Amino acid sequence: MTARSTPSVQPAASGKAGTIAGRPVSRVGFGAMQLEHLHGDREAAIALLRRVVELGINHVDTAQFYGNGFANGVISDAFRPEDGVVVVSKVGADPNPGGTIPLRPAQRPEQLRASVEDNLKSLGLDQIPVVNLRRLDTRPGLRAEGDQIVGLDDQLAVMTALRDEGKIGAIGLSAVTLDGLRQALPAGIVCVQNAYSLISRGDEQMLRLCLDEQIAWVPFFPLGGAFAGMPKVTDEPTVTAIAQSLGYSPAQVALAWLLHHAPNVLLIPGTANPRHLEANVAAAKITLDDFTMSALDAVQ
């Protein structure tokens, strides 16, 4: 790996609120993908989401293909209107139960529309505040083949129509290239979800563009290591040494670095464990001084 550059911005106080689609949200949100591990204990899943609200989290990321609708169903049961939770979902893939990979691409415009309708039904909403268009342009993850190779403009046309119809409030992008984001800007993109972490900063230029355009940067795999062979941030000696010196876990330091790195970063770490949930939220209160940030920035 080579050294990475960083955006020319002052580190943000990690505990302050962020924004997505003009809505104030907690900078540490919750990713619902891991809820499927509680498939056999729905009450535990609901209790975990109630704990999410108790901890002040009001940004939850989900998808119909998380647990083949299980995550959305639990979210519908757990949250109340007065909780003020901003639910962000995504389209571009469908559940593939029993397959080698539990997902299959669903990139065609009619599939995107059907996926939005499925999300609306399972979430019990009249409008989803933000829906991310999950492109298949970048790894890791699925890649498009055959009739699943669809032009971005065609996809944005249906997403914009769904927004005009009031079924979605705003449009985000996921697994997108820098050129793709530039192409999509006229559609009014409010957030970008790409794989990004302390040790995977290839999208630094895209992060800078999002900062300039007031677009939320919502990294997935914020700790790396999601697939076999991928390095983990928590294995980095500098991260573990700093964590030990500060009295936090390496994962908390890695999340805190992301929050300090740029003010438009929002996190959606997922877990099915209440203790891990609390530890993730606590990362927003960690202060990293200039010396520590410099040491972490130098990780290669």
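Position 199 of the sequence shown, counted from 1, bears residue number 202 in this note's numbering, the numbering being contiguous throughout. For every residue, glycine included, the Cβ atom is placed at its ideal position computed from N, Cα and C. As the structure is a prediction and not an experimental result, all values here were calculated from the model.
Separation of residue j from residue i, as counted between CA atoms
{"i": "isoleucine 110", "j": "glutamine 255", "result": "Correcting the residue type first, residue 110 is glutamine in the shown sequence and not isoleucine. If I take the Cα positions, the gap works out to 35 Å."}
{"i": "leucine 1", "j": "arginine 278", "result": "What the structure shows of the chain is the stretch from 4 to 303, and residue 1 is not part of that stretch, so it cannot be assessed."}
{"i": "glutamine 3", "j": "valine 193", "result": "Coverage of the chain is limited to positions 4 through 303, which leaves residue 3 absent and any answer about it impossible."}
{"i": "glutamine 13", "j": "arginine 45", "result": "A caution first: glutamine 13 carries a pLDDT of 35, below 50, which makes its placement in the model too unreliable to give a value."}
{"i": "proline 240", "j": "serine 200", "result": "15 Å"}
{"i": "asparagine 122", "j": "serine 92", "result": "8 Å"}
{"i": "methionine 4", "j": "glycine 205", "result": "Since pLDDT at methionine 4 reaches only 32, below the 50 mark, its modelled position is unreliable, and the value read off the structure follows with that caveat. Approximately 10 Å, taken between the alpha carbons."}
{"i": "alanine 198", "j": "alanine 178", "result": "7 Å"}
{"i": "alanine 301", "j": "arginine 26", "result": "34 Å"}
{"i": "methionine 36", "j": "aspartate 182", "result": "28 Å"}
{"i": "leucine 176", "j": "leucine 299", "result": "28 Å"}
{"i": "glutamine 208", "j": "glycine 43", "result": "42 Å"}
{"i": "leucine 212", "j": "valine 119", "result": "27 Å"}
{"i": "leucine 280", "j": "glycine 102", "result": "30 Å"}
{"i": "leucine 338", "j": "proline 100", "result": "Outside the modelled stretch of the chain, which goes from 4 to 303, sits residue 338, for which no answer is possible."}
Nearest-angstrom Cβ-Cβ length linking residue i and residue j, presumed shorter than 8 Å
{"i": "glutamine 196", "j": "asparagine 135", "result": "6 Å"}
{"i": "valine 133", "j": "alanine 160", "result": "Not really, about 18 Å apart at Cβ, beyond 8 Å."}
{"i": "leucine 291", "j": "arginine 30", "result": "Not quite, the Cβ-Cβ distance comes to about 14 Å (not below 8 Å), so this is no contact."}
{"i": "valine 90", "j": "leucine 126", "result": "6 Å"}
DSSP beta-bridge partners of residue i
{"i": "alanine 164", "result": "Note: alanine 164 sits in no beta bridge, so no partner."}
{"i": "leucine 258", "result": "According to DSSP, which records beta bridges pairwise, leucine 258 is partnered with nothing at all."}
{"i": "arginine 116", "result": "Answer is none; arginine 116 lacks a bridge partner."}
{"i": "valine 94", "result": "Leu136"}
{"i": "glycine 34", "result": "Asp64, Gly273"}
{"i": "alanine 219", "result": "Cys194"}
{"i": "glycine 21", "result": "Val28"}
{"i": "arginine 107", "result": "Asp97"}
Under 9 Å between C-beta atoms of residue i and residue j
{"i": "leucine 165", "j": "proline 108", "result": "no"}
{"i": "alanine 287", "j": "leucine 214", "result": "no"}
{"i": "asparagine 61", "j": "tyrosine 69", "result": "no"}
{"i": "glycine 219", "j": "isoleucine 23", "result": "The sequence given here places alanine at residue 219; glycine does not occur at that position. Yes. Within cutoff."}
{"i": "serine 252", "j": "alanine 244", "result": "no"}
{"i": "valine 236", "j": "leucine 249", "result": "no"}
{"i": "arginine 137", "j": "valine 94", "result": "yes"}
{"i": "alanine 65", "j": "glycine 87", "result": "The question names alanine, but residue 65 in the sequence shown is threonine. Contact flag unset, no."}
Exercise. Where are the beta strand (DSSP E) runs, 3 residues long or more, that stay fully inside the segment 131-204, in chain order?
Worked result: 133-137, 174-177, 192-196
For this session: Enumerate, from N- to C-terminal direction, the unbroken alpha helix (DSSP H) stretches of 4 or more residues contained entirely within the segment 41-65.
Result: 45-57
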